[in-house]
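Numbering (UniProt numbering), first residue to last: 1 to 715. We put the CB at the ideal spot given by N, CA and C, even for glycine. Only a predicted model underlies this, so the values are computations on that prediction, with no experimental measurement involved. Working notes for the structure below.
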């Protein structure tokens, strides 16, 4: 502090000698227009942002036009009619209904203003009553008050739009051209979101992009990896670029909670839920479907949460998410929603119902699309106490023709699993025993690509075993099942093909007593991770299904998430902030070797960046596999170079450690030499530091610890 005062005194003395006044009013300083002196403002991003339109504060007010024009004596009667109609939709504020009166004629002007408690109620009132027929002569025209300002800004004369010169966009797939053929992933920890390369050969990550407070909720990759979506209170945004992440588009949706991309990335679905003014009413749900590239709302759906909860719970506030399920692969041609006694299928050309009507199915409770074909699989439970059996139906879209149906008797529950190529459908059916006191599980296996879609029934060796997990091999014909009631369940592998009969399912093997409750197939098939999460504390077994052998066993203590990279070369296991300790992630090779580990406090998300499907045909992929040794020579040489580089780095690291050790020894020897005379004095003149030249002797020393004297009196 004293040094700072002295320095300030010197500055003041120097300024006085040069005639400079240091008492400056900084508020009086003005820079030339457009000049920042090389200092970028903290608000620069705001200045360069798109122009924002702020709410006027009248979002909860509607204007109702085409009302009857009445004299003052009929004013209260008309007001009562309007209040009765509009109070059924939402809560009208006190003094929230106003009908202007002509000061000369003392009659109403034929319109009124209604103010609700919330903008959502006002929007609902507009939707429900615009076009409402009070009588033949009076059909309501309802608008939001805020819309009038927008209409007033429309110019009186039409002017042709300004034609902007074409500027080529960035290559949003440039990351796929990485010379090292690496994959990217995104992580969220604390307030930071980072996109990283997985540089597994170097056993480390490489930063691509990092941003603090990038999202207020979560991030999500688009299905083909083109975009990264962030979620905010005002809506969602997508980011991408050739070398960094720029914001490409924003989607306004206040209080958005969930988002979902269509498989081909053409559309983005956003969801929000709003509490009603009346606590007895259900939450109000708003769902928007945006065009990803233009940001335009293609269709919106609004209603009570009860309208979107059919088909089970999940997502937010009991709504099954995603509400809309996409069909037709990455062409994004159709999407569907489950309703009461119906499935509503929409086409994306006009965003309207196919044939302008829903598919009527009495008591339908679930449906799912084929991953590759326009086929809907739907499930209807038992009705009439078992008099009408449950059934699974396959329906072709858009013709709505039923391709196949299977009745299921004594079924308590059912779940459907599609194989990734759409070749097979497994239906897990939980059935009641004859006493109805317990259930057992079996599988109905549909061969979708074969003539007449044959169905095969599969029951486990012990059909009373509880099914813990089921998973198809991606792009393959095998599936795995975890089953059993023991603390260590069994895992069985089956194939839809066999050497003797291609039309029969066959069991490959059963692994007894495994610490596993989840299955994670490699995206390329063949390899699988048998994982023990939650109660099993992160037990991992890397299994080769081709050879039916365990490649490695390992543990990631308290692991909560497991995800294969899109190429099937690496596996990530993570401990998220569900647990307070050991937060972070591990990267493993496909055969179970731990490559590196990174710890991160308050770790929330780990997501691999998806890759688009390859352009190679199945025949070309088979040819590459056949001549893999020829192609791999180039990469073997690269691996050897990396290995030599790593060896050189290890040698350099060991050399530096050795030099550091020798330096430390040298310093201690110098210190020892400097203190030699002092040690000699302490040893009564003995000069040597060698312990062998001294003789150890035991010397007994007597010491009086306490002394007291007492006088004793004799009686």
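Nearest to residue 587 (by Cα), restricted to the options 59, 237 and 563
Restricting attention to 59, 237 and 563, the CA atom closest to the CA of residue 587 is found in 563.
Quick check: residue 215 and residue 232, are their CB atoms within less than 8 Å of each other?
Against a cut-off of 8 Å, the Cβ pair of residue 232 and residue 215 comes out as a contact.
Residue from 283, 146 and 519 with nearest C-alpha to residue 489
Residue 519 is the option with its Cα nearest to residue 489.
If we require 3 or more residues per run, which beta strand (DSSP E) segments fall completely within the segment 486 to 528?
The DSSP assignment places complete beta strand (DSSP E) segments of no fewer than 3 residues inside the segment 486 to 528 at 490 to 495, 506 to 511 and 518 to 521, in order along the chain.
Does the segment 595 to 610 come close enough to the segment 178 to 190 to have 3 or more Cβ pairs within less than 8 Å?
Three or more Cβ pairs closer than 8 Å define a contact, and the segment 595 to 610 meets that threshold against the segment 178 to 190.
Identify, in the order they occur along the chain, each residue of the same chain with its Cβ nearer than 6 Å to the Cβ of residue 174, setting aside the five sequence neighbours on each side.
Non-local C-beta neighbours of residue 174 in its own chain, meaning closer than 6 Å and more than five positions away in sequence, comprise 242, ordered along the chain.
Per DSSP, what are the beta-bridge partners of residue 362 in this structure?
Per DSSP, none; premise fails for residue 362.
Residue 239 versus residue 253 - alpha carbon distance
If I take the Cα positions, the gap works out to 17 Å.
Kindly provide the ranges of any beta strand (DSSP E) runs that are 3 or more residues long and lie completely inside the UniProt domain "RRM" (60 to 147), ordered along the chain.
DSSP runs (the beta strand (DSSP E)) wholly in the UniProt domain "RRM" (60 to 147): 61 to 65, 92 to 98, 111 to 116, 133 to 135 and 141 to 144.
What are the start and end residues of the beta strand (DSSP E) that includes residue 396?
Per DSSP, residue 396 belongs to the beta strand (DSSP E) from 390 to 396.
Would you mind reading off the limits of the alpha helix (DSSP H) that contains residue 562?
For residue 562, there is no enclosing alpha helix (DSSP H); the enclosing beta strand (DSSP E) covers residues 561 to 564.
Can you tell me whether residue 413 is helix, strand or coil according to DSSP?
Residue 413 falls in the strand class under three-state DSSP.
Have a look at 509, 491, 525 and 566 and flag the residue whose alpha-carbon is nearest the alpha-carbon of residue 531.
Considering only alpha carbons, the answer is 491.
Below 8 Å between beta carbons: does that hold for residue 579 and residue 552?
Residue 552 is positioned such that its CB atom lies no closer than 8 Å to that of residue 579.
Note down, one range per segment and in chain order, each beta strand (DSSP E) of at least 3 residues found wholly within the segment 148 to 203.
DSSP runs (the beta strand (DSSP E)) wholly in the segment 148 to 203: 184 to 189 and 192 to 199.
Where do the N-terminal and C-terminal ends of the beta strand (DSSP E) with residue 621 fall, by residue?
Not the beta strand (DSSP E): residue 621 falls in the alpha helix (DSSP H), residues 618 to 626.
For residue 342, name the three-state secondary structure that DSSP assigns.
Residue 342 falls in the strand class under three-state DSSP.
Using a Cβ distance threshold of 8 Å, determine whether the segment 63 to 72 contacts the segment 90 to 98, with at least three qualifying pairs required.
No, the segment 63 to 72 is not in contact with the segment 90 to 98.
Kindly identify the DSSP beta-bridge partner or partners of residue 288.
Answer is 270 and 300, bridged to residue 288.
Over the uninterrupted beta strand (DSSP E) stretch that includes residue 677, give me the two end residues.
For residue 677, there is no enclosing beta strand (DSSP E); the enclosing alpha helix (DSSP H) covers residues 676 to 682.
How would you call residue 574, buried or exposed, if buried means at least 16 neighbouring beta carbons within 10 angstroms?
Around the beta carbon of residue 574, 16 or more other beta carbons sit within 10 angstroms, so the residue counts as buried.
Express the C-alpha separation of residue 279 and residue 53 in angstroms, rounding to a whole number.
In this predicted model, residue 53 has a pLDDT of only 41, less than 50, meaning its place in the structure is not dependable; the value taken from the coordinates is given anyway. Distance between the alpha carbons of residue 53 and residue 279: 32 Å.
Distance between beta carbons of residue 571 and residue 529, contact taken as under 8 Å
Indeed they touch by this definition, with Cβ atoms about 6 Å apart.
For residue 541, three-class secondary structure by DSSP:
Three-state result, residue 541: strand.
Should residue 261 go down as buried or exposed, given a rule of 16 or more other Cβ atoms within 10 Å for buried?
Buried, by the Cβ-count rule.
Considering only their Cβ atoms, is the gap separating residue 298 from residue 267 smaller than 8 Å?
Judged by beta-carbon spacing, residue 298 lies within the 8 Å limit of residue 267, meaning their Cβ atoms are closer than that value.
What's the gap between the Cα of residue 699 and the Cα of residue 652?
Straight through space, the alpha carbons of residue 652 and residue 699 are spaced by roughly 53 Å.
When DSSP labels each residue in this structure, what does residue 480 get in the three-state scheme?
If DSSP states are grouped into helix, strand and coil, residue 480 belongs with the strands.
Is DSSP giving residue 325 helix, strand or coil here?
In this structure, residue 325 counts as strand in the three-state DSSP scheme.
Taking C-alpha atoms, which residue in 538, 547, 522 and 171 lies nearest to residue 508?
Its Cα nearest to that of residue 508, the residue 547 stands out among 538, 547, 522 and 171.
Taking its Cβ as the centre, do 16 or more other Cβ atoms sit within 10 Å of residue 665, making it buried, or is it exposed?
So residue 665 counts as exposed.
Please say whether residue 107 and residue 70 have beta carbons closer to each other than 8 Å?
Yes, the Cβ-Cβ distance between residue 70 and residue 107 is below 8 Å.
What would DSSP say about residue 368, mapped onto helix, strand or coil?
Three-state result, residue 368: strand.
With DSSP as the reference, label residue 255 as helix, strand or coil.
Judged by DSSP in its simplified three-state form, residue 255 adopts coil rather than helix or strand.
With distance defined between alpha-carbon atoms, name the residue in 557, 307 and 517 nearest to residue 344.
That would be 307, whose Cα lies nearest to the Cα of residue 344.
Between 199, 374 and 526, which has its C-alpha nearest residue 550's C-alpha?
The residue with the shortest Cα to Cα distance from residue 550 is 526.
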